[in-house]
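Asker: If you read the sequences in order, they're chains A and B.
With my numbering applied, the first sequence covers 19 to 380.
With my numbering applied, the second sequence covers 19 to 380.
Okay, here's the structure, questions in a sec.
2 protein chains.
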Amino acid sequence: MMKTIEVQLGDRSYPIYMGSDCLHQADLLTRHIKSRQVIIVTNETVAPLYLEKVQTHLQQYELEVVILPDGEKYKTLTIMDKIFDALMTRKFSRNATLIALGGGVIGDISGFAAACYQRGIPFIQVPTTLLAQVDSSVGGKTGVNHAKGKNMIGAFYQPQAVIIDVEVLDTLDDRQLSAGIAEVIKYGLIRDIGFFNWIEANIEKIIARDKGSLIYIIEKSCHNKAEIVAADERESGIRAILNLGHTFGHAIETGVGYGKYLHGEAVAIGTCQAADLSMRLGWLKNTDVARIIALFKKAGLPTEPPENLKAQDFIDLMAVDKKNIDGNIRLILLNEIGKATLPLDVDRAPLLGTLNEYGRSK
Amino acid sequence: MMKTIEVQLGDRSYPIYMGSDCLHQADLLTRHIKSRQVIIVTNETVAPLYLEKVQTHLQQYELEVVILPDGEKYKTLTIMDKIFDALMTRKFSRNATLIALGGGVIGDISGFAAACYQRGIPFIQVPTTLLAQVDSSVGGKTGVNHAKGKNMIGAFYQPQAVIIDVEVLDTLDDRQLSAGIAEVIKYGLIRDIGFFNWIEANIEKIIARDKGSLIYIIEKSCHNKAEIVAADERESGIRAILNLGHTFGHAIETGVGYGKYLHGEAVAIGTCQAADLSMRLGWLKNTDVARIIALFKKAGLPTEPPENLKAQDFIDLMAVDKKNIDGNIRLILLNEIGKATLPLDVDRAPLLGTLNEYGRSK
């Protein structure tokens, strides 16, 4: 059983294939390869599990493989140069196709490499974590981290296709699964209360990796993401709501050092902070905030900021986040569960209230 | 006296201003700046000459300046990181404007930095060499070199405006002026025989820096470039003719080490090689090739490949050039003076004839 969602972006439109044996269907991959040269970029964790399966479909191509170390701390310009080196050494042309086989880090770094090599070669996303499947592989945001800020160097660059095989989640560890659920909950919070309610009612089945539930949350998430991206590809407006919890979350990731928290974990904490701030601004009720925190906890996610990151650290780190216009901190908040808002300005007092008080005394 | 040519690219259209006191007109710059944050990127050679003049217009802005070392060998990802560092340290947002003040290297590297910082910030080209004014500042090709190939990492990213002040050529050394003329002659060769004839008749005045002649060649060159870019922004077809001499030229630059030849010098040699090969294929007459070589020589440019770069070196180096499709070497050649052609395939024998014999025995 396979479903397809189309991301509608004119001549940059592409399909998201999702199902339970997509990796066995050679044709899903090869129909999007335009020349004989193919490079697979993956990491040390994913390669032993799925590289051979993908390679099997590509025996008639000139194939190059780059295996990167695993982890957010390797999402740098320096590591990206390894991909360029491999492409240059094989003398691959601008028609070569890059396949990103891995989680969000692999998708981001190799998508950005594809955007830059010879000013752009085609690439295909084959996400192997829940987080990459429901969020980062769709929508064309690619990039690497800078020592002073996450995802600060990158490109909007759409893939030719996204191939999601839910079976690969069998080998995902619990912590990675939970990190993905953080982004799934996000879609419910920002625009889909029905989906939020469904997740709340089915969180035990999701955590238990019930296949039908996983397929359902992937499909709902990709559907939401595809709609938002189609409406605002380059984030000049509405797409920003996808960053709920991310301004706080990026500050946490940068502040404690890349790799200590998984991205989804930092987003979970950041979303709780955003919910707390939304309550201080009079939008969310206490009971809403409690529901949100309870759901993240049931999903196995952290909900409180690290003790050693003080309010001023957050302020400093958030000031360089991409969501900021001309130095003002721009936060995505919630008017209610299922309805995100982009306040033009947030008063310093309630923001400091959240940073100093939320999750600090327990 | 100021002229404006519009590069027609839909919502990415922009003006090229050219004249003899453009740098004194603050408004040409400030009308294209959208926020209070401005970063100027320049180099050690240009900064003492023109940085203050540009800064004068920007006193009401939050201004950051990055001064890079001068030269093609610094056009790398590593040097580009200095620009990111400055932007991050100042916490500049995605509405900050980058001004590239310098020659082709500064324009390429800082245009690429603008393309990547926060996935794209606006930038303005203020080219200070003839080569940058007539070619590299217009059309949105940005990028850096890779150890194994020139301009292999980059982006198509259009500026908000190009501001060309012909007065800055007063401080340009003769070698740099000649390098720029190589690209001027190129426009005549690929599509404008009338312009070629004019350059031939006026080369002494151009070399003597007659202001009227310089303005004329800049205007004609930008006009030709703007038309080609408007027809084919991302080089899927006709834009490739702008690479006349460049496949040979890039091989020379990479083969002898970045910085030994100026880009325009390598292009001059490469264009002579392309002319020689066009003759071997029965297209150009001997007298055409002699005219072309004579004009480059009068312009103060080298016309023969370096002795230590053998035919096989050229073959190896050209195989990784961006103009190649799936490993085949793609050359831009001439059917006649004023008419470029993109042969789908070039026989190895005449190519080896050019590489082994042209400029080798004198």
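Note that the Cβ used here is the ideal one computed from N, Cα and C, for glycine as well.
All figures in this text were calculated on a predicted structure; none of them were measured in a lab.
Per DSSP, residue 22 of chain B forms a beta bridge with which residues?
Answerer: Here the question's residue 22 of chain B lines up with position 4 in the second sequence. DSSP, once it has assigned bridges, lists B:35 as partnering residue 22 of chain B.
Asker: Tell me the rounded alpha-carbon separation between residue 39 of chain A and residue 182 of chain A.
Answerer: Translated into the one-based positions of the first sequence, residue 39 of chain A becomes position 21. Translated into the one-based positions of the first sequence, residue 182 of chain A becomes position 164. Cα to Cα, residue 39 of chain A sits roughly 9 Å from residue 182 of chain A.
Asker: Closest to residue 46 of chain B by CA distance: which of B:329, B:117, B:316, B:110 is it?
Answerer: Looking up residue 46 of chain B in the second sequence gives position 28. That would be B:117, whose Cα lies nearest to the Cα of residue 46 of chain B.
Asker: According to the neighbour-count rule (16 or more other Cβ atoms, all chains shown, within 10 Å of its Cβ), is residue 261 of chain A buried or exposed?
Answerer: Here residue 261 of chain A is taken as the residue at index 243 of the first sequence, counted from 1. Under this definition residue 261 of chain A is a buried residue.
Asker: Identify the contact partners of residue 3 of chain A in chain B, using a Cβ-Cβ distance below 8 Å as the criterion.
Answerer: Nothing about residue 3 of chain A can be reported from this structure: the residues present for chain A run from 19 to 380 only.
Asker: One question on the structure: do residue 283 of chain A and residue 323 of chain A come within less than 9 Å of each other, judged by their Cβ atoms?
Answerer: Locating residue 283 of chain A in the first sequence gives position 265, counting from the first residue. Locating residue 323 of chain A in the first sequence gives position 305, counting from the first residue. No, they are not a contact pair.
Asker: When you compare the CB of residue 371 of chain A with every CB in chain B, is at least one pair closer than 9 Å?
Answerer: Residue numbering aside, residue 371 of chain A sits at position 353 when the first sequence is read from its first letter. With a threshold of 9 Å between beta carbons, residue 371 of chain A makes no contact with chain B.
Asker: Using DSSP's beta-bridge definition, name the partner residues of residue 5 of chain B.
Answerer: The requested residue 5 of chain B does not occur in the structure, where chain B is confined to residues 19 to 380.
Asker: Does the stretch 173 to 187 of chain A come close enough to the stretch 265 to 281 of chain A to have 3 or more Cβ pairs within less than 8 Å?
Answerer: no
Asker: Check for me: the alpha helix (DSSP H) holding residue 368 of chain A runs from which residue to which?
Answerer: What you label residue 368 of chain A is simply residue 350 of the first sequence in a count that begins at 1. Looking at the DSSP string, the run of the alpha helix (DSSP H) that includes residue 368 of chain A is 366 to 375.
Asker: In whole angstroms, what is the alpha-carbon distance linking residue 224 of chain B and residue 213 of chain B?
Answerer: The residue given as residue 224 of chain B occupies position 206 in the second sequence. The residue given as residue 213 of chain B occupies position 195 in the second sequence. Their Cα atoms are separated by approximately 13 Å.
Asker: List the residues of chain B whose Cβ lies closer than 8 Å to the Cβ of residue 133 of chain A, in chain order.
Answerer: For the purposes of this step, residue 133 of chain A is taken as residue 115 along the first sequence, with counting starting at 1. The contacting residues are 173.
Asker: Report yes if the C-beta distance between residue 200 of chain B and residue 285 of chain B is below 9 Å; otherwise report no.
Answerer: Locating residue 200 of chain B in the second sequence gives position 182, counting from the first residue. Locating residue 285 of chain B in the second sequence gives position 267, counting from the first residue. Yes, they are a contact pair.
Asker: Does residue 167 of chain B come within less than 9 Å of chain D when only Cβ atoms are used?
Answerer: Although the question refers to chain D, the structure presented lacks it and instead comprises the protein chains A and B.
Asker: Can you name the start and end residues of the beta strand (DSSP E) that residue 143 of chain A belongs to?
Answerer: Residue 143 of chain A sits at position 125 when you count from the first residue of the first sequence. Start and end: 141 to 145.
Asker: Quick check: is the beta carbon of residue 106 of chain A nearer than 9 Å to any beta carbon in chain B?
Answerer: Working through the first sequence from its first residue, we reach residue 106 of chain A at position 88. Output row for residue 106 of chain A: interface = yes.
Asker: What would DSSP say about residue 289 of chain A, mapped onto helix, strand or coil?
Answerer: Against the first sequence, residue 289 of chain A aligns to sequence position 271. DSSP places residue 289 of chain A in helix when its eight states are reduced to three.
Asker: If you measure beta-carbon to beta-carbon, which residues of the stretch 182 to 198 of chain B are closer than 9 Å to chain A?
Answerer: none
Asker: Over the uninterrupted alpha helix (DSSP H) stretch that includes residue 331 of chain B, give me the two end residues.
Answerer: Position 313 of the second sequence holds residue 331 of chain B. Where residue 331 of chain B is concerned, the enclosing alpha helix (DSSP H) stretches over 329 to 336.
Asker: Say whether chain A places a C-beta atom closer than 9 Å to the C-beta of residue 99 of chain B.
Answerer: Position 81 of the second sequence, counted from the first residue, corresponds to residue 99 of chain B. Closer than 9 Å: yes.
Asker: Excluding sequence positions up to five away, which residues of its chain have a Cβ less than 7 Å from the Cβ of residue 279 of chain B?
Answerer: The residue given as residue 279 of chain B occupies position 261 in the second sequence. Counting only Cβ-Cβ distances below 7 Å, and skipping sequence neighbours, we find 270, 271.
Asker: So what does DSSP say about residue 77 of chain B, is it helix, strand or coil?
Answerer: Residue 77 of chain B sits at position 59 when you count from the first residue of the second sequence. Of the three classes helix, strand and coil, the one that applies to residue 77 of chain B here is coil, per DSSP.
Asker: Jot down the residue ranges of each uninterrupted alpha helix (DSSP H) in the stretch 274 to 327 of chain A, minimum 4 residues, whole runs only, in chain order.
Answerer: 281 to 298, 304 to 316
Asker: Between residue 281 of chain A and residue 122 of chain A, which are expected to be in contact by the criterion C-beta below 8 Å, what is the C-beta distance as a whole number of angstroms?
Answerer: For the purposes of this step, residue 281 of chain A is identified with residue 263 of the first sequence, where counting begins at 1. For the purposes of this step, residue 122 of chain A is identified with residue 104 of the first sequence, where counting begins at 1. With 8 Å as the limit, residue 281 of chain A and residue 122 of chain A qualify as a contact, their Cβ atoms being about 6 Å apart.
Asker: Along the chain, where does the beta strand (DSSP E) containing residue 182 of chain B start, and where does it finish?
Answerer: Against the second sequence, residue 182 of chain B aligns to sequence position 164. 179 to 183 is the extent of the beta strand (DSSP E) around residue 182 of chain B.
Asker: DSSP three-state call for residue 205 of chain B: helix, strand or coil?
Answerer: Along the second sequence, one-based indexing puts residue 205 of chain B at 187. Residue 205 of chain B falls in the helix class under three-state DSSP.
Asker: State buried or exposed for residue 312 of chain B, treating a residue as buried only when at least 16 other CB atoms are found within 10 Å of its CB.
Answerer: Taking the second sequence and counting its residues from 1, the one referred to as residue 312 of chain B is at position 294. Per the 10 Å Cβ criterion, exposed.
Asker: If you draw a straight line from the C-alpha of residue 363 of chain A to the C-alpha of residue 36 of chain A, how long is it?
Answerer: As a first step, residue 363 of chain A is located in the first sequence; it is residue number 345 there, counting from the start. As a first step, residue 36 of chain A is located in the first sequence; it is residue number 18 there, counting from the start. The alpha-carbon atoms of residue 363 of chain A and residue 36 of chain A are separated by roughly 39 Å.
Asker: For residue 31 of chain A, count the other beta carbons within 10 Å of its own beta carbon; 16 or more makes it buried, fewer makes it exposed. Which is it?
Answerer: Residue mapping note: residue 31 of chain A aligns to position 13 of the first sequence, counting from 1. Under this definition residue 31 of chain A is an exposed residue.
Asker: The beta strand (DSSP E) with residue 172 of chain A in it runs from where to where?
Answerer: Counting from one through the first sequence, the residue named residue 172 of chain A turns up at place 154. That run of the beta strand (DSSP E) goes 167 to 174.
Asker: Determine whether the Cβ of residue 77 of chain B lies closer than 9 Å to any Cβ atom of chain A.
Answerer: Mapped onto the second sequence, residue 77 of chain B falls at position 59. It does not; no Cβ of chain A falls within 9 Å.
Asker: Are there any heavy atoms of the ligand NAP lying less than 8 Å away from the beta-carbon of residue 357 of chain A, as far as the coordinates show?
Answerer: Looking at this structure, you won't find the ligand NAP or any other ligand, since it has none at all.
Asker: Residues of chain B with CB under 7 Å from residue 161 of chain A, in chain order?
Answerer: By one-based count along the first sequence, residue 161 of chain A stands at place 143. By Cβ distance, chain B contributes 137.
Asker: Compare the C-alpha of residue 23 of chain A against each of A:84, A:153, A:244, A:136 and name the closest.
Answerer: As a position in the first sequence, residue 23 of chain A is number 5, starting the count at 1. The candidate whose alpha carbon is nearest that of residue 23 of chain A is A:244.
Asker: Within 10 angstroms of its Cβ, does residue 60 of chain A collect 16 or more other Cβ (buried), or is it exposed?
Answerer: For the purposes of this step, residue 60 of chain A is taken as residue 42 along the first sequence, with counting starting at 1. Per the 10 Å Cβ criterion, buried.
Asker: Cα-Cα, which of A:120, A:317, A:135 is closest to residue 155 of chain A?
Answerer: Numbered from its first residue, the first sequence carries residue 155 of chain A at position 137. Ranking A:120, A:317, A:135 by Cα distance to residue 155 of chain A puts A:120 first.
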